[in-house]
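Protein chains in written order, with our numbering: chain A, 497 to 691; chain B, 1485 to 2382. Quick reminder that beta carbons are idealized off the backbone N, C-alpha and C, glycines included. Encoded as structure tokens, the structure appears first; notes follow it.
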């Protein structure tokens, strides 16, 4: 598998992706083979349907949001570069990478970027705030019809009340960070690629 | 590999962040997590510990994945070790670049290893670090488990430095706490790595040690997984929990615990009493006590007789009377009577120990999770989905459990925000308790009255049907009427459902005690009458024996000839009260099983069927209206289980087979009730969260255990055993068998020793000593509790302080940001690095976070500069920070502030 991928991917492409995302050579070839196996249309890009075939995403109440995260605004195809860029959020944080290129911008898999990714899942209208309505939508996805709307509303209110510090009745990204401060995001939002 | 592939796509690898041990257990049930991600399978642990462990494991994994260099492993190992203290946060700075080709080992990176805490040192190490990182970028390392010369030298230097630090520690101008922490770190480091510096052998040994640590961790993880998959019914219970909430699940957990305990009792009883008797004892029909008497033989195999445990059942190994009083049986000289007595007592001892131990352990669990209350809903909201779920059924369960947990939180929340009319509430509660006490007292008197009447009736013959069965009828009426009555009254009290359940349990328990009392009363009456009867029969049977022999010798006219022994079926027997008691208990247990199962079948299943299917052709909505579906009756089921266990404890001595019956019952009821609850019941209207320890159930169980201990011990100690049945026949008291063993089997001095030990002069001081010990331990535990509370308070205080400080800096930050634009020296300050995820660092309970060494060191340096530039430490944070909105400055990060 790896060899096939490496014949399809040019070295310089790999180098670029490596630089951008921090994945290693073998990880990239491995992910590329996964990418091609997902690509049913065999046109080098993935569509939303391709993603929805993954059972974990199909079942997930936030699956659509996650799939959306792979697609840039207004597009419905994603190529391997974009795919890798999104996946890079889930690369475990390693300790040595800072040594190599300290001056460049924050890597995609930093804590803040990981959290930002999670934040975007809830921020449906991309206004950098999670409003009550957005919470309600997510809640409905998560619990279905088992809880009355009234109670859902109070859950959403309560959630905002807990997290909101500046009183604008919505959760901004900094408030989101504060809520999840004690959560070990670096660990939890990492996938151990390639063993 | 394919698993790996799958996993890649699932975005949020670690499932739901920030869930406690309980939720981690929930995740375990998903098949996906079970076979794909071993870290999902961590067994329930206190959250913090679990996370820390997970972090440590994670490191282990990575080490495995790309074990490029031993150095790296050292970093990991060191971290693991120090991770235990919760402060190894940024120990492994010096890692080498991945997979770069190059000749020499990377230098310098080892520098920072384990020195993360020492900011002062960091600073002067920065230059080296830079050198190291630059050299690293063009020279990687490919060597396997060995160290290059450069590394060696580096490590040597490091160890030397540490030693120097230890030596000069007392001269440093640090606070004592910090000194102690550093000292400990340094000492550990020196201990650990001095071995690595040895030539050849020491190094190999070190590599071996590291490898073994890794293997050990992996083994532990696998073993944990294995252990988890071995917990019986875990998945079933999880399923119930996800639909019905933790309160219903607590019943099933209790049931499982009971099953475990009964399995052990079963092992004792069958292994040491029943099976030896079957294998080595005399066979059926050899002696009178093992034979069905002739008048009963015709009906002994009838179904109805067997169902009453008479006939062949009565003369079988299931009951006390079957056992012979031979001192030893079989080739192995197994002392069956002794073993019988010891198992009887040992069952009680084991149960007592187990219940108390479990209670103590549960009490331990209680306090750990107190600090999560801050963002309950937000965390549930953002973190409850497990992103690794790929199976539709599991997803359904997860949906249900998220819903349930939200509902539980809502109930708790409502309870907190109840508007208080304290006087009315108090009045209502007092009223409710008064009413319930009245009805309890009334039913108690009723029972007493009826029992007395039944004693009068016992002497008369002309009884109507009602008068004969009055006691039973009254008892079952009380059992039917009172619990719903209590429940209705309890609504006045308006407690949280969790507390209401406890009250309800306690009240019904008190009611059932009356039941128990009447039962025992009747039983003792029966035993006494049997004892009287026995005296007559004993004389009678001796007389008949004599007659038989006299007749024989007269008929044969030969006084010398030994008469053939009487057929064992013809011998006249005593009533054998022990077997009668045993039969009574077995019957009770069996009828209890029948009633329970039938109730479920009719009360729940038939009702559910009717409601479900008759609803199509009925005049009102059956599902929403009157009959509706049943709720799972937690209090009734728990109490049923507890009292059933009481019966087992009391009866097991007289009917060893009872334990076996009970094991079967518990086993079947686990499956049956799980099915019934999932198929026919609906969740409670207010799903509430059970307290983690079901110590209340345990307390009830302990009380019942004590109550059932009393009659058994009384009979063992004071009643004479039957003369012709059971392992103790022919002895005056049952415990004589122990005396006999001491006299005959143990060496003589042991006998004297025991006689001394039994001397009241020794026993009284011993009891006194124990009382003193209890008093002392009690005082000590009291003191511990106090200090525990103090510590908790302190922790809370520290957390509040931390929060306040952060909030304050945040608020000032806004002002400072505006100011910042005006500040002229802004351009002199080097651009701060992106905020590294080391925010937790100042917190005392910080987990080992992964830190980027470069940034940390740089950050510290930058802050130091800034601190020099501006004397006001508060101004430092904001000024040094880029005015990005989403990266709030972390206060207290800079070293000089400490």
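> For residue 1673 (chain B), which option in B:1687, B:1649, B:1692 has the closest C-alpha, if you only look at C-alpha atoms?
Replying inline: Here residue 1673 (chain B) refers to the residue found at position 189 of the second chain. Nearest of B:1687, B:1649, B:1692 to residue 1673 (chain B), Cα basis: B:1649.
>> Could you tell me the alpha carbon to alpha carbon distance between residue 2072 (chain B) and residue 1863 (chain B), rounded to whole angstroms?
In response: As a working mapping, residue 2072 (chain B) is identified with position 588 in the second chain. As a working mapping, residue 1863 (chain B) is identified with position 379 in the second chain. Distance between the alpha carbons of residue 2072 (chain B) and residue 1863 (chain B): 50 Å.
>> Here's a check: name, in chain order, each residue in its chain whose Cβ is nearer than 7 Å to the Cβ of residue 2014 (chain B), leaving out the five neighbours to either side.
In response: Reading the second chain from its first residue, position 530 is the one you call residue 2014 (chain B). Excluding residues within five positions, the ones whose Cβ falls inside 7 Å are 2059, 2061, 2064.
> Looking at the unbroken alpha helix (DSSP H) that takes in residue 685 (chain A), where does it start and where does it end?
Replying inline: Residue numbering aside, residue 685 (chain A) sits at position 189 when the first chain is read from its first letter. Here residue 685 (chain A) belongs to no alpha helix (DSSP H), and DSSP marks it neither H nor E.
> Which residues, in order along the region 1884-1897 of chain B, keep a beta-carbon less than 9 Å from a beta-carbon of chain A?
Replying inline: Listed by position, the residues of the region 1884-1897 of chain B near chain A (Cβ gap below 9 Å) are 1884, 1886, 1887, 1888, 1890, 1891, 1893, 1894, 1897.
> Does the Cβ-Cβ distance between residue 1836 (chain B) and residue 2184 (chain B) come in under 8 Å?
Replying inline: Taking the first residue of the second chain as 1, we reach residue 1836 (chain B) at position 352. Taking the first residue of the second chain as 1, we reach residue 2184 (chain B) at position 700. Result no, Cβ atoms of residue 1836 (chain B) and residue 2184 (chain B) do not sit closer than 8 Å.
> Going along chain A, which residues have a C-beta under 7 Å from residue 2073 (chain B)?
Replying inline: Start at 1 with the first residue of the second chain, and residue 2073 (chain B) comes out as number 589. Those do not exist, as residue 2073 (chain B) stays about 40 Å from chain A at its closest Cβ, beyond 7 Å.
> Which ranges does the alpha helix (DSSP H) cover as unbroken runs of at least 4 residues, wholly within the region 643-686 of chain A, from first to last along the chain?
Replying inline: With a minimum length of 4 residues, the continuous alpha helix (DSSP H) runs that stay inside the region 643-686 of chain A are 645-659, 669-675, 681-684.
> What number of angstroms, rounded off, separates the C-alpha of residue 1880 (chain B) from the C-alpha of residue 2160 (chain B)?
Replying inline: In the second chain, the residue the question calls residue 1880 (chain B) occupies position 396. In the second chain, the residue the question calls residue 2160 (chain B) occupies position 676. Using only the alpha carbons, I get a separation of about 19 Å.
> Expressed to the nearest angstrom, what Euclidean distance is found between the alpha-carbon atoms of residue 1731 (chain B) and residue 2113 (chain B)?
Replying inline: As a position in the second chain, residue 1731 (chain B) is number 247, starting the count at 1. As a position in the second chain, residue 2113 (chain B) is number 629, starting the count at 1. When rounded, the distance between both Cα atoms is 18 Å.
> Assuming residue 643 (chain A) and residue 1890 (chain B) make a contact with CB atoms under 8 Å, what is their CB distance in whole Å?
Replying inline: Position 147 of the first chain, counted from the first residue, corresponds to residue 643 (chain A). Position 406 of the second chain, counted from the first residue, corresponds to residue 1890 (chain B). In this structure, residue 643 (chain A) and residue 1890 (chain B) form a Cβ contact; the two beta carbons are roughly 6 Å apart against a cut-off of 8 Å.
>> My output table needs one value for residue 1798 (chain B): the three-state DSSP class, helix, strand or coil.
In response: Working through the second chain from its first residue, we reach residue 1798 (chain B) at position 314. Here residue 1798 (chain B) sits in coil by DSSP.
> Buried or exposed: residue 2033 (chain B), going by 16 or more other Cβ atoms within 10 Å of its Cβ?
Replying inline: Residue 2033 (chain B) sits at position 549 when you count from the first residue of the second chain. By the 16-neighbour rule on beta-carbons within 10 angstroms, residue 2033 (chain B) is exposed.
> Are the beta-carbon atoms of residue 2449 (chain B) and residue 2142 (chain B) separated by less than 8 Å?
Replying inline: The question about residue 2449 (chain B) has no answer here: the residues shown for chain B are numbered 1485 through 2382.
> Can you list the residues of chain A that residue 1876 (chain B) reaches, using a CB-CB cut of under 7 Å?
Replying inline: Here residue 1876 (chain B) corresponds to residue number 392 of the second chain, with the count starting at 1. The CB of residue 1876 (chain B) comes closer than 7 Å to the CB of 555 in chain A, given here in chain order.
>> With a threshold of 8 Å between beta-carbons, can residue 1787 (chain B) be considered close to chain A, or not?
In response: The residue you call residue 1787 (chain B) lines up with position 303 of the second chain. Closer than 8 Å: no.
>> Can you check which of these residues, B:1876, B:2187, B:2204, B:1826, is closest to residue 551 (chain A) by C-alpha distance?
In response: Taking the first chain and counting its residues from 1, one reaches residue 551 (chain A) at position 55. Closest in C-alpha terms to residue 551 (chain A), from the list B:1876, B:2187, B:2204, B:1826, comes B:1876.
> So, helix, strand or coil for residue 1951 (chain B), using DSSP?
Replying inline: On the second chain, position 467 is the one that residue 1951 (chain B) refers to. Helix.
> Taking C-beta to C-beta, are residue 548 (chain A) and residue 563 (chain A) nearer than 8 Å?
Replying inline: Within the first chain, residue 548 (chain A) is the residue found at index 52, counting from 1. Within the first chain, residue 563 (chain A) is the residue found at index 67, counting from 1. In this structure, the beta-carbon distance from residue 548 (chain A) to residue 563 (chain A) falls below 8 Å.
>> Under 8 Å: do the region 1812-1826 of chain B and the region 2208-2220 of chain B share three or more Cβ pairs, one atom per stretch?
In response: Contact between the region 1812-1826 of chain B and the region 2208-2220 of chain B is present, because at least three Cβ pairs lie under 8 Å.
> Going by the CB atoms, is the gap between residue 587 (chain A) and residue 519 (chain A) shorter than 8 Å?
Replying inline: On the first chain, residue 519 (chain A) is found 23 positions in, with the first residue counted as 1. On the first chain, residue 587 (chain A) is found 91 positions in, with the first residue counted as 1. Closer than 8 Å, so yes.
>> Taking 8 Å as the cut-off, does the region 574-581 of chain A touch the region 533-546 of chain A (at least 3 CB pairs, one atom from each stretch)?
In response: Touching, yes, given that three or more Cβ pairs across the two stretches are closer than 8 Å.
> Is residue 2121 (chain B) buried or exposed, if buried means 16 or more other CB atoms sit within 10 Å of its CB?
Replying inline: Against the second chain, residue 2121 (chain B) aligns to sequence position 637. It is buried - the Cβ of residue 2121 (chain B) has at least 16 other Cβ atoms within 10 Å.
>> Using 8 Å as the cut-off, can you tell me whether the region 2137-2154 of chain B makes contact with the region 1799-1807 of chain B, which would need three or more C-beta pairs spanning the two stretches below that distance?
In response: Touching, per the Cβ criterion.
> Taking the alpha-carbon positions, what's the residue 1825 (chain B) to residue 2146 (chain B) distance?
Replying inline: As a working mapping, residue 1825 (chain B) is identified with position 341 in the second chain. As a working mapping, residue 2146 (chain B) is identified with position 662 in the second chain. Taking the straight line joining both Cα atoms gives about 20 Å.
> If we count Cβ pairs, one from each stretch, closer than 8 Å, do we get three or more for the region 1966-1975 of chain B versus the region 1911-1920 of chain B?
Replying inline: Under the three-pair Cβ rule at 8 Å, the region 1966-1975 of chain B counts as touching the region 1911-1920 of chain B.
> Which chain B residues are close to residue 640 (chain A), counting only those with a beta carbon under 7 Å from its beta carbon?
Replying inline: Counting from 1 along the first chain, the entry for residue 640 (chain A) is found at position 144. Under the 7 Å cutoff, chain B gives 1883.
> In chain A, what lies closer than 8 Å to residue 1869 (chain B) by C-beta?
Replying inline: Against the second chain, residue 1869 (chain B) aligns to sequence position 385. The CB of residue 1869 (chain B) comes closer than 8 Å to the CB of 556, 557, 558, 638 in chain A, given here in chain order.
>> So, under 8 Å CB-CB, residue 1724 (chain B) and residue 2162 (chain B) are touching, yes? Tell me the CB distance rounded to an integer number of Å.
In response: Here residue 1724 (chain B) refers to the residue found at position 240 of the second chain. Here residue 2162 (chain B) refers to the residue found at position 678 of the second chain. So it is a contact: roughly 7 Å between Cβ atoms.
> So what does DSSP say about residue 1765 (chain B), is it helix, strand or coil?
Replying inline: Taking the second chain and counting its residues from 1, the one referred to as residue 1765 (chain B) is at position 281. DSSP places residue 1765 (chain B) in coil when its eight states are reduced to three.
> Which residue spans inside the region 2090-2126 of chain B form an unbroken alpha helix (DSSP H) run of at least 4?
Replying inline: If we require 4 residues or more, the alpha helix (DSSP H) runs fully inside the region 2090-2126 of chain B come out as 2091-2097.
> Looking only at C-alpha atoms, which of B:2093, B:2158, B:1958 sits nearest to residue 1930 (chain B)?
Replying inline: Counting from 1 along the second chain, the entry for residue 1930 (chain B) is found at position 446. Among B:2093, B:2158, B:1958, the Cα nearest to that of residue 1930 (chain B) belongs to B:1958.
> Given that a residue counts as buried once 16 or more other Cβ atoms are within 10 Å of its Cβ, and exposed if not, what is residue 1987 (chain B)?
Replying inline: Taking the first residue of the second chain as position 1, residue 1987 (chain B) is located at position 503. By the 10 Å Cβ count, residue 1987 (chain B) comes out buried.
>> So for residue 609 (chain A), helix, strand or coil by DSSP?
In response: Taking the first chain and counting its residues from 1, one reaches residue 609 (chain A) at position 113. Here residue 609 (chain A) sits in helix by DSSP.
>> Once DSSP output is grouped into helix, strand and coil, what is the label at residue 1818 (chain B)?
In response: By one-based count along the second chain, residue 1818 (chain B) stands at place 334. In the structure shown, residue 1818 (chain B) sits in a strand (DSSP, three-state: E or B).
>> Rounded to whole angstroms, what is the Cα-Cα separation between residue 558 (chain A) and residue 1869 (chain B)?
In response: In the first chain, counting from the first residue as 1, residue 558 (chain A) sits at position 62. In the second chain, counting from the first residue as 1, residue 1869 (chain B) sits at position 385. The alpha-carbon of residue 558 (chain A) is positioned some 9 Å away from that of residue 1869 (chain B).
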